[in-house]
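Comments concern the structure below.
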Amino acid sequence: MNISYKSPGALEETRFEKIHSVIFDDSRNASLVIAQEISSLIRNKQEKNKNCVLGLATGSSPISVYQELVRMHKEEGLSFKNVVTFNLDEYYPMSKEDINSYHYFMNIHLFDHIDIKKENIHIPDGTVKKEDINAYCDEYEKRILNEGGLDFQLLGIGRTGHIGFNEPGSNYGSLTRLVHLDYLTRNDARKSFFGIENVPTTAITMGIRTIRKSKRIVLMAWGNNKSLVVQKAIEGRIDSNLPASFLQNHKNATFVLDQSASENLTRIKSPWRTGFSKWNDELKAKAVAWLCEKTGKSILNLTESDYNENNLSELLLYKSYYDINLDFYKRLHRAITGWPGGKPDSDDKVRPERSMPIKKRVLIFSPHPDDDVISMGGTFDRLVSQGHEVHVAYQTSGNIAVSNSDVLKFLEVINSTFPDCKCENDELIELLKNNTDIINHLRVREIAGTIREKESLAATRFIGIPDNQVHFLKLPFYETGTVKKNPASEKDVNIISEIITKIKPHQIYAAGDLADPHGTHKVCLDILLDSLQKLKVKSFMKNCWVWLYRGAWHEWPIHEIDMAVPMSPNQVLRKRKAIFYHQTQKDNVMFQGDDNREFWVRAEDRNRAIAKKFRDIGMSDYSAIETFKRHHF
Ligand code: F6R
C-alpha cells in the first residue's frame, strides 16, 4: 500500500499547533507508515554498517506497528541484527514472566518473531532490589550513551499526558528513575490486572531528558479518549503537569494521530478559526452547532453578529445568516422520528428512513450481550412494537465480564438442586473458591458465557422477540480468556457475513464506537465493515441501510446525527428494566471503567443529556433521545 505521512497542510491550518502532527483516517494505516519509517532507518544504518538504536514503547498503541515490523521481517527480509533496543519502562516490582510485564509484552508482540540479538534488548528490570535501583537506572542511561544515544524513540501518550511513565509533575531534566504511578494511569491498566488494586503503584521509566535526547521522536495516539490530552500537548503551553508538552521543544518530533485522537485540534474542531474555507454541508452544520454552544443560543436565535464575531463571516458570503440557521434547523428537525423503521404510508422524502417495505427485517448487532439495550433499548422496543421482524446478533460471548462469584453462585445452585451433576461441579467450585485467575479455565468461561446468554434472552423476551430471532455468534477473536484479544480474522468476517446473508435485513444497527481503537466495539465494527464490503454486490444488500449507534461511553456530535428517536418517560423505564435483566453487569461490574455509574444510569443520563441539547438548540422538549448516524457502504 502506498501511504505516507501527509503534509500537515497549509501553515495557516496548523497555526495553533506547536508540534508537527499528522492525521490518518485510521490507526492501522498510521501504524504502517510508522513501521515504514523505522524499517527505512534500520536499512539505512545497515548500509552504513552501523547499529540502529531504537527506543520502544508498550501499551495498546504500538501493537500494529510491531505487527507490521514482524510482517516486514518475515515477508520482506527486514533484519534486526543491527538493532539495539531500549524500552521506555517497566512496572516495579514485576517479574519478567508475568503476563502483565513489559518484558512479556515485548516478547509476544515483537522480539520472539524477529532476528534481534538477545544481548541487544534492554528493558528496565522490575526485579532489581530497591536499594540497587538508583545504580541500576544510572547504568541504563550509560548503556544508551554507550550505544551513541537513541536514533528513534517511539512513544504513546497516557491520558494524564505521560510519556513513558513520566507522570504530571515530572522534571524537564529527569533521567531514568523509579516513579510513582498516577491514579488515572493505574485505572487505565486495571483491566489487564483484573482490578486497580492489583496494578503496581510504581515503575521504572526513562526520564524526560532521556527521551528528549533521541534524534527522532514519533508519538502515536489513537482513539478519542486521547483527543483532549493530545490537543493540550500540541496546542497548549509547555507544562510539567502535562509531560508530553515538553516535546514542543524537540526539533524532530511528530505526533501521528488517527481521526478520533485529532478531534479536539483546532483545525478539526473549529477549522474556520484557522483561516480554512473549504466549506461543505457537513462542515456548515458543524459550525452552526459549534456557534450555538459558544453563544448559548438556539439555532433560530443566532444573529449576523454572532457569525461575524466568531470567525464565521465567510459563511455569510453565500447565504444569509437566516437561511443558514434555517438549513440546519430543518436538517435536525427531519432527523427526529418516532418511526425508526420508517413511517408507513407517509412521504418519506424528508424522513430518515424509507416507508417501504412497511414491515422490515431488522438486524441489531451488539458487540457484548447488553449493548443492544444499553445503547438503543428504546429504539429496539419501538421497532418491535411497530411490527418489524427484529433479530439481535450478539457478536461476542462477553464471558470475561462475569465475576467468579457469579459463576460460583450458579454452580452452587445447580449443585444443591441437581445432585447428579455434583462431580464436575465440586471440582470447579473448589477452584473458584481458591483461584482468582480461574477465568482462563475453559469450562468456567463456557458457564460465564451461558449466564450472559440467558440474561440476554430474559431481556429480549421482555422486549418481545422470539428466542429464534436471538443469535449468539461467539466471534473467535474474543475467545482468549483474557482482556487481550486475538486479531480479527477471516473466520470472524465469515460468521458476520453468514448471518447477514441468512436474514437479508432491510436495516442493520451496529455499534459505531471508535473511542478505544483496540476495544471490542471497534474490532466488531471493523469486522462488520469488512463483511459489508464483501456482501455489497449481492442484490439483497441494495435494500439494506446501516445505522450506527454509540455505546455506553459517547454520543454522536449533534451535527452528525441522521436519526434521533425520542423516548417517552414510560419507554425510558422499559429500557431500564431491559438493562436490569443483565444482572451480572449490575453493581460492581468487572469492567466499570473510570465511571462509577451503573450502565442503566449512564444510558439514561446520556439519553437525557442529548434530549436537553436538542431542546437548547431549539427543538421540541423530549425526556430522552437515542441517536444514530447512517453509514453508507
Ligand atoms: C508504555 C508507556 C506509556 C504508554 C501510554 C499509552 O511503554 O510508556 O507511556 O505509551 O500509557 O498507553 P496505550 O498505548 O495503552 O494507550
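FYI, the numbering for the sequence shown is 390 to 1022, going by the numbering used here.
In this text, a Cβ means the ideal position worked out from N, Cα and C, and glycines have one as well.
Where residue i falls: helix, strand or coil (DSSP)
i	result
residue 394	coil
residue 933	coil
residue 479	strand
residue 988	helix
residue 637	helix
residue 955	strand
residue 582	coil
residue 413	strand
residue 645	strand
residue 1018	strand
residue 960	helix
residue 610	strand
residue 566	strand
residue 406	coil
residue 454	helix
C-beta contact flag for residue i and residue j at 8 Å
i	j	result
residue 620	residue 407	no
residue 543	residue 632	no
residue 864	residue 888	no
residue 527	residue 549	no
residue 696	residue 707	no
residue 610	residue 644	yes
residue 499	residue 473	no
residue 525	residue 753	no
residue 751	residue 772	yes
residue 994	residue 986	yes
residue 800	residue 820	no
residue 482	residue 447	no
residue 867	residue 909	yes
residue 781	residue 830	no
residue 650	residue 634	no
residue 495	residue 553	no
residue 541	residue 646	no
residue 744	residue 729	no
residue 703	residue 659	no
Proximity test, residue i beta-carbon vs the ligand F6R heavy atom, cut-off 7 Å
i	result
residue 971	no
residue 692	no
residue 735	no
residue 1010	no
residue 498	no
residue 848	no
residue 477	yes
residue 493	no
residue 591	no
residue 424	no
residue 539	no
residue 573	no
residue 924	no
residue 622	no
C-alpha distance - residue i paired with residue j, whole-angstrom precision
i	j	result
residue 759	residue 598	47 Å
residue 748	residue 778	7 Å
residue 1019	residue 509	51 Å
residue 712	residue 736	24 Å
residue 874	residue 422	24 Å
residue 476	residue 588	20 Å
residue 970	residue 504	52 Å
residue 968	residue 761	9 Å
residue 957	residue 715	27 Å
residue 546	residue 929	44 Å
residue 837	residue 757	13 Å
residue 417	residue 453	7 Å
residue 823	residue 946	47 Å
residue 813	residue 654	57 Å
Extent of the continuous alpha helix (DSSP H) run through residue i
i	result
residue 796	793 to 806
residue 551	Here residue 551 belongs to no alpha helix (DSSP H), and DSSP marks it neither H nor E.
residue 922	909 to 924
residue 782	Premise fails: residue 782 lies in the beta strand (DSSP E), 778 to 783, not in any alpha helix (DSSP H).
residue 627	Here residue 627 belongs to no alpha helix (DSSP H), and DSSP marks it neither H nor E.
residue 522	522 to 535
Residue span of the beta strand (DSSP E) that contains residue i, given as start and end
i	result
residue 541	541 to 544
residue 755	750 to 755
residue 442	441 to 445
residue 839	Element bounds for residue 839: not the beta strand (DSSP E) but the alpha helix (DSSP H), 831 to 852.
residue 594	591 to 594
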